[in-house]
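Working notes for the structure below.
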Amino acid sequence: MRISRKRYKKPVNIEPQYFYNEKIRVPEIMVIAEDGQNLGVMPTHEAIRIAAERELDVVEVNPKAVPPIAKIMDYGQFKYQKEKEFRKLRAGAHRVEVKGIRLSVRISDHDLAIRCEQAKKFLDSGDRVKIEILLRGREKQHPELAFEQVSEFINQLSNVIKLKIEQPATRQGGMVTALVTKT
């Protein structure tokens, strides 16, 4: 039995980290109260004391400012809101994939029309489409037929939807491929 030595890499979490209370490392911060009032620049330990009196936390909202800006608020509620926004952004993001449409040199017109409709669906959803023709046997001696079929398919598809040809038809071994996207 073969044992795989490859480690699975966990996806990198790009969620921003916020420092709060004793985790704030700078000696002085600009403090904003929970109602939005500017309390001014003060030592970090003084801001933590004021927040503790109000039973809240000091959260560093802009660490790159000079001095860093911190706000007095409930850290748990703040973190929950930020996580909720982050999840909403990730759910709305669409990863562009390359979808494949495989044709043949001897494909019928009806099958070509069905492949064209499928490619249109892929392009409408924001994906790229890779058009492939696998050359078999004697077809390898006549790759020009495959190039004609790919160009015919692209012309038929461009009548339905506006296309941008990312990679024109090229022969790679026993295969002719082209890559198109929606403009």
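Residue 917 in our numbering sits at position 159 of the sequence shown; the count goes up by one each step and never skips. Virtual Cβ for every residue (Gly too), placed ideally from N, Cα, C.
In this structure, does DSSP put Tyr776 in helix, strand or coil? Numbered from its first residue, the sequence shown carries residue 776 at position 18. Three-state result, Tyr776: coil.
Quick check on the DSSP output: the alpha helix (DSSP H) that includes Glu841 runs from which residue to which? Here the question's residue 841 lines up with position 83 in the sequence shown. Note, Glu841: alpha helix (DSSP H), 833-850.
What did DSSP end up calling Asp867 once you bin it into helix, strand or coil? Counting from one through the sequence shown, the residue named residue 867 turns up at place 109. Here Asp867 sits in helix by DSSP.
Express the C-alpha separation of Ala904 and Gly895 in angstroms, rounding to a whole number. On the sequence shown, residue 895 is found 137 positions in, with the first residue counted as 1. On the sequence shown, residue 904 is found 146 positions in, with the first residue counted as 1. The alpha-carbon atoms of Gly895 and Ala904 are separated by roughly 13 Å.
Burial state of Tyr838, where buried means 16 or more other Cβ atoms lie within 10 Å: Numbered from its first residue, the sequence shown carries residue 838 at position 80. Exposed: under 16 other Cβ atoms inside 10 Å.
Quick one: is Lys829 buried, meaning 16 or more other Cβ sit within 10 Å of its Cβ, or exposed? Within the sequence shown, numbered from 1, the residue matching residue 829 stands at position 71. With 16 or more Cβ atoms within 10 Å of its Cβ, Lys829 is classed as buried.
The stretch 842-852 contacting the stretch 804-819, beta-carbon criterion three pairs below 8 Å: no
If you drop the 5 nearest sequence neighbours on each side, which residues of the same chain put their C-beta closer than 7 Å to that of Gly884? Reading the sequence shown from its first residue, position 126 is the one you call residue 884. Cβ neighbours of Gly884 beyond the five flanking positions: His852, Val854.
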